[in-house]
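Chemist: Could you have a look at this structure, given as structure tokens, before my questions?
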Amino acid sequence: MSTTDETVDQLLAPMTRKRLFVAINRKAAPDADIAPYVADHLRYMVELERRGLLWASGPFVEPGVRVGDGLTIVNSDSIDEARELLMDEPLCHRGLRTFEGPFPWELREGHIPIALDASSSSFRLR
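The numbering used here numbers the first residue of the sequence shown as 72 and each following residue consecutively.
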């Protein structure tokens, strides 16, 4: 093993290395077709959050766009479970949205000083 490999291994050793699954969500229908199901989508995502299965999710911000493309990070035990959770999302289930992924992703770096439940604007300081 080279000195570089040893250095990288030492730097990786203390990292969280939490395995998550990431998906890019793509709008697949006009706003008028999606609008009746946005509340169902939001309820579903809040329920995943409540169950600890949703690590983060939200739209890519575009002025004037209420429902567009976005990113979802699922806290799941397997890629199959993550895929099932994504396919069961009401907009995907109805063919109004598609997703790319899920892709296995590993959280290594970052600083998260609070626990935030974004849908209810509740937080806990850590």
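Just so you know, even glycine gets a beta-carbon here, dropped at the ideal spot from N, CA and C.
1. Leaving out the 5 sequence neighbours to the left and right, which residues in its chain are closer than 8 angstroms to Arg165 when beta-carbon positions are compared?
2. Tell me, please, which residues DSSP counts as bridged to Ala186.
3. Work out the CA separation of Phe131 and Ala100 for me, nearest whole Å.
4. In terms of DSSP beta bridges, what is Leu91 paired with?
5. I believe Gly88 touches Phe170 by the beta-carbon criterion, under 8 angstroms. Please report the beta-carbon distance rounded to the nearest angstrom.
6. Using the C-alpha atoms, what's the distance from Pro85 back to Met72?
7. For Leu178 and Phe194, I'd like the C-alpha separation in whole angstroms.
8. Can you name the start and end residues of the alpha helix (DSSP H) that Val145 belongs to?
9. So if DSSP puts Arg97 in a beta bridge, which residue, or which two residues, is it bridged to?
10. Decide if Thr143 is buried, meaning its Cβ has at least 16 other Cβ atoms within 10 Å, or exposed.
11. Taking the alpha carbon of Ala127 as the reference point, which residue from Glu77, Ile95, Thr78 and Thr74 has its own alpha carbon closest?
Modeler: Looking at the coordinates:
1. Tyr108
2. Arg195
3. 17 angstroms
4. Trp176
5. At residue 88 the sequence reads Arg, which differs from the Gly that was named. Not a contact, Cβ separation roughly 24 angstroms.
6. 19 angstroms
7. 21 angstroms
8. Run containing Val145: none in the alpha helix (DSSP H); it sits in the beta strand (DSSP E), Gly141 to Val145.
9. Thr169
10. buried
11. Ile95
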